[in-house]
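Chains A and B, in that order, are what the protein sequence lines are. Each number in the working numbering corresponds to the 1-based position in the first sequence with 319 added. Each number in the working numbering corresponds to the 1-based position in the second sequence with 695 added. Note sheet for the following structure.
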Amino acid sequence: MNEGERPPSADALASVRGIFFQECEEQLAALEASLAALQEGDADSETLNAAFRAVHSIKGGASALELERLSAFAHQFETALAAGRAGMLELDGSVLRVLMRSADKLSDLVRAAREGEDLDEQVISSAEADLTALAGPQDDSDDDSMFSGFVPRAAEFAQFDEGAAETRDWVVRFRPYADLYAKANEPLLILRDLAELGTLEVTLNDGALPALDALDCEEGYLSWNIRLRGACSQQAIREVFEFVEGDCDLEIALEEALPVNNEAANTETDTPRTNGDASPPPSAPERKAALATPTSPVAQTIRVDLERLDDLANLVGELVINHALLSQRIASHGPSSASVALALEDLDHLTRDLQDSVMAVRAQPLKFLFQRMARVVRDVESATGKQARLIIDGEDTEVDRTLIEGLADPLTHMIRNAIDHGLETFAERLALGKPPHGSVKISARHRAGRVIIQVADDGAGVNRARVRQTAIARGFIAADDQLSDEEIDHLIFLPSFSTAQAVSGVSGRGVGMDVVKCGVQALGGRITVQSVAGLGTTFTLSLPLTLAVLDGMVVSSQQQTFVAPLTTVLETIPLKSGDIQRVGANLDVLTLRGAHVPAIDLLDALALRTEPARAPSRFALVVEDDSGRRAALLVDDIQGQRQVVIKSLEANYRNVVGVAAATILGEGRVALILDVNSILGFGRRDERKSPRLLAVG
Amino acid sequence: MDITESALQQVVVFRLGAQEFCVHIEAVKEIRPWTVATPLPHSPPFVVGVINLRGAVLPVVDLGMRLGVEVNAPTDRNVIVIVWIRKQLYGLLVDGVCDILAVAETSFQPAPNVAGASADSIIASLVSEGDRLLSFIALEQLLTSSEAVAA
């Protein structure tokens, strides 16, 4: 049993819907990517096909799950895209804008369907009307039957098929697996779709049906032999099955090409199949290989329940703890033989490799997240009337999946702020000689075991005068406080801080940056800001790559043990009397090779001192926080470096100031992992400047 | 905690000082012997600290202090009741667990509202079982004051 069991949940249909919505996310991302590519001038017909397929898939699933509004809208969208594919619609700027807005509305509809909400019908209808206008006059305006059968659309397909102009006889063998039904697909609808390609002659093959008492009602026993006469390409036929391709046996061939002996294979009894098992019955691969040429490659991926991955990561974490424990116990028995030491070292390597592999399993590229930001940019553009270009860099950088979800909100806020507050208006920019379209650049890269994400705009930079005034007015600082430019910039992270004159619909409600900061910290990350007046502002997020394990320096004071992340530790110094000197009323200072660093007693900073100190601290741990500030943490003992497994406090409690997370030491006791940033915040500012009060001494 | 669902409610009864309290059995995950908790900085005084439960770190609340009931200093005769509160795990430090009882729904009576008694909202109802008076605890209320403290 690991990190917090989850209480039991219910509902099997929910899982089918769940799968559909998951796939919708993927389709929407693919759609966004294709439309973005088209906007960049990509003229490859495959790009438009990809967009079409994405919408087609969503439509298929939506109508199967009876999500009427969604499937109706998707149908209109699909029609417009089909017109584009057929060359009947030129994809110029205004058309692409309509398509992108429609993609946004489609995404909204998916979300509304998932949450069970309603959307503003007017907005959707007007978007639909735009799409209909694009598609031009259509013969089947009958909305009730999505698959209104025999209105011939053969001409449309023939136009974009390469070389398949003449009518041919196709033979299609279609045998669904249980999964196809489990995912709420309906062969009837597929057959109707097929019927649009030409004349169909369908024969049911029920030879695989067992006797009634052996029947598993969730299994797929039926198959169909279909003769299709039409002027369509194999590609077109395959596309009809696209949504279910992995969940059935599918053979498409011209009539002459079929081997004779296929009836026997069709009457095999199915072995029962569980969800997620991707291996088809043995004869299928051979038959497939002998026939139709494959079009899209079968994706070598597997969908895994995230909970299982979390459990796996936890177990690996426990393994690391156990290994550390073992090493300690062996070491405490005296010097070990060379073979034992060697074996332990091998174990260490294996454990680290295992850790890396598990982390890699959970890693995903930031690409989809960044692409979603394109939508945010569009929304803010229309809300503020400013125009902004989104530049993306390093989208293939991989991070743990939980980071991606946690980053969505902070990134959205930052982009909104950048456009709303950072960028000047069109006119202002022209007057300043800047390019009229402001730009917002999001970039990501790995560096020194962390992920660095930056959001940079080329706007006016932080308005330091206004920030300072607001901070004074809110009582965060005093009027005569001296603050460096950088310190003023960081004031924007204070709670409920906003200098926006008018509360705009987009931002300006003053919860922006401190919410972003909390969000980033909750992921174990840090955020800083750099700004140059007139040139722009850059926010830098630094996030840990491996969420689970940390190299730390274990220290203790008064029987309480803490762990400082090794990335923050600069050095450890044994103290002699006189090393620490008092300056002014309540600041202690350690002189280190000529430089003076503030000395902070660790227990006092955390308000965990239960009895007065019997003797002065014996060690100083010199640490550095994210903005480069240094301090010496005073402790009684330094126990050494250790690799520890990070246990979240927020899983069962909440964020605690001064503490980044917790870990479990060899004896089973919990030790706190220090948050150096906030601890240095304590020692640095006195009561007036910071809302986080700490009475030292 | 819908107490109208069935006629009989199963509750776990535990002791704090001279008083007896109870919670719904479904809210209880397990009962552990007392272990030393690691104190947390800047936490309310009734949050004793955090403990390790087979790899999960969870906070321990001194229930007596929270309710304002007279209790002795914690020793290893104390017991920690691990409960679910809103999908998070918490440990409640109590003197001991006495019973598991099946109590008729009709025995639950709303706790009388007395101005100034701070334990009010936490004690949701009173249960009479023979001679015994059990205070039924609304677990969600245990945290409200600490949640109001800015993190």
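Positions of the beta carbon are idealized from the N, C-alpha and C atoms, including for glycine.
- Query: What is the residue span of the beta strand (DSSP E) that Cys717(B) lies within?
  - Reply: Gln714 to His719
- Message: Distance cutoff 7 angstroms, beta carbons only. Does Leu784(B) sit that close to anything in chain A?
- Response: yes
- Query: Ala980(A) by DSSP, collapsed to three states: which one?
  - Reply: strand
- Between the beta-carbon of Leu921(A) and the beta-carbon of Ser861(A), is there less than 7 angstroms? no
- Have a look at Ala399(A) and Asp532(A) and give me their C-alpha separation to the nearest angstrom. 49 angstroms
- Task: Tell me whether His719(B) is buried or exposed, calling it buried when 16 or more other Cβ atoms sit within 10 Å of its Cβ.
- Result: buried
- Using alpha carbons as the reference points, say which of Ile796(A), Thr366(A), Gln358(A) and Phe881(A) lies closest to Leu925(A). Phe881(A)
- Answer yes or no: the CB of Ala979(A) versus the heavy atoms of the ligand ZN, is any distance below 6 angstroms? This structure does not include the ligand ZN; it has no bound ligands of any sort.
- Query: Hey, quick one: how far does the beta strand (DSSP E) through Gly750(B) stretch, first residue to last?
  - Reply: Looking at the DSSP string, Gly750(B) is not in any beta strand (DSSP E), and its letter there is neither H nor E.
- Query: Quick one: what does DSSP say Asp439(A) is sitting in, helix, strand or coil?
  - Reply: In the three-state reduction of the DSSP assignment, Asp439(A) falls in the coil class.
- Task: Step through the CB atoms of chain B and report whether any lies within less than 7 angstroms of the CB of Ala763(A).
- Result: no
- Message: Under 8 angstroms, CB to CB, which of the residues in the stretch 715–727 of chain B have a partner in chain A?
- Response: Lys724
- Compare the C-beta of Leu927(A) with all C-beta atoms of chain B and state if any pair is closer than 7 angstroms. yes
- Can you tell me the Cβ-Cβ gap for Ala454(A) and Lys424(A), rounded? I've got them flagged as a contact below 8 angstroms. Contact annotation, Ala454(A) with Lys424(A): C-beta distance approximately 16 angstroms; criterion of less than 8 angstroms not satisfied.
- Message: Quick check: Val789(B) and Val774(B), are their CB atoms within less than 7 angstroms of each other?
- Response: For Val789(B) and Val774(B), yes; Cβs fall inside 7 angstroms.
- Item | Under 7 angstroms between C-beta atoms of Lys705(A) and Leu751(A) | no
- Thr793(B) lies in the beta strand (DSSP E); which residues open and close that run? First, the residue type needs correcting, since residue 793(B) is Cys and not Thr in the sequence shown. It spans Gly791 to Ala799 - the beta strand (DSSP E) in which Cys793(B) sits, taken as one unbroken run.
- Mapping DSSP to helix, strand and coil, what is Gly346(A)? Looking at the sequence provided, one finds Gln at residue 346(A) rather than Gly. Of the three classes helix, strand and coil, the one that applies to Gln346(A) here is helix, per DSSP.
- When you compare each of Pro805(B), Leu703(B) and Gln783(B) to Leu828(B) by their alpha carbons, which one comes out closest? Pro805(B)
- Message: Counting C-beta neighbours from all protein chains within 10 Å, is the total for Leu842(A) 16 or more, i.e. buried, or is it exposed?
- Response: buried
- For Cys837(A), the first and last residue of its enclosing alpha helix (DSSP H): Gly831 to Ala841
- Residues in its own chain within less than 7 angstroms of Gly959(A) by CB, not counting five upstream and five downstream? Val873
- Could you check the C-alpha separation between Arg286(A) and Ala797(B) for me, to the nearest Å? Residue 286(A) cannot be examined here, being either before or after the span of chain A that is shown, 320 to 1016.
- Message: I want to know whether the stretch 949–968 of chain A touches the stretch 850–860 of chain A - three or more CB-CB distances under 8 angstroms.
- Response: no
- Task: Mind listing the chain A neighbours of Ile746(B)? Cutoff is C-beta to C-beta under 7 angstroms, in chain order.
- Result: What Ile746(B) touches in chain A: Val989.
- Query: In the stretch 618–648 of chain A, which residues sit with their C-beta less than 7 angstroms from some C-beta in chain B, listed in chain order?
  - Reply: Asn633 and Glu637
- Within the 7 angstroms Cβ cut-off, does Lys836(A) reach chain B? The beta carbon of Lys836(A) sits no closer than 7 angstroms to any beta carbon of chain B.
- From the DSSP output, in three-state form, read off Leu834(B) for me. helix
- Task: Please confirm whether Ala833(B) and Ala819(B) have their CB atoms less than 7 angstroms apart.
- Result: yes
- Query: In three-state DSSP terms, what is Gly855(A)?
  - Reply: strand
- Message: Give me the chain A residues within the contact set of Ser666(B), using Cβ-Cβ distance strictly less than 9 angstroms, ordered along the chain.
- Response: Residue 666(B) lies beyond the stretch modelled for chain B, which goes from 696 to 846, so this question has no answer here.
- Query: Is there at least one Cβ from chain B nearer than 7 angstroms to Ala979(A)'s Cβ?
  - Reply: no
- Query: So Ala381(A) packs on Val490(A), CB below 8 angstroms; how close in whole Å?
  - Reply: Not really, about 31 angstroms apart at Cβ, beyond 8 angstroms.
- Closer than 9 angstroms by beta-carbon distance: list the chain B residues that pair up with Ile983(A), in chain order. One finds Asn747, Gly750 and Val752 in chain B with Cβ atoms closer than 9 angstroms to the Cβ of Ile983(A), taken in chain order.
- Task: Kindly say whether Val976(A), judged by its beta-carbon, lies nearer than 7 angstroms to any beta-carbon of chain B.
- Result: yes
- Query: From this set, Glu558(A), Arg912(A), Ile710(A) and Leu673(A), which residue's C-alpha is nearest Phe371(A)'s C-alpha?
  - Reply: The candidate whose alpha carbon is nearest that of Phe371(A) is Glu558(A).
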